[in-house]
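Note that my numbering has the sequence shown beginning at 21, numbered continuously upward.
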Amino acid sequence: MSKRAEDFMDKWLDAKVTDRHLKAPEKSARILAKKCATDAKKAGVPLEELEEAVVDLEQAITDELTVAVPKGSTA
């Protein structure tokens, strides 16, 4: 597993996955997965490297949405 891809994914998820995506998580996950792949390519992280780190981008984003705590909520 690439440390670079893992770091990119962690930072990207923290920065890009927000509460507003909770309204339509399936649609958001599809859109965000495409955006993540594009951003990774721009950052020099190949899609293959990301997929080694998370296997499936859309599923990783869906998982992130599943555990997201809306702002203003107490965890």
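A virtual CB, placed ideally from N, CA and C, is assigned to each residue, including glycine.
Glu84 places its beta carbon less than 8 angstroms from that of Val37. Listed in chain order, the alpha helix (DSSP H) elements of length 4 or more contained wholly in the segment 33-80 are 45-62, 67-74. At a Cβ-Cβ threshold of 8 angstroms, Leu42 and Cys56 do not count as neighbours.
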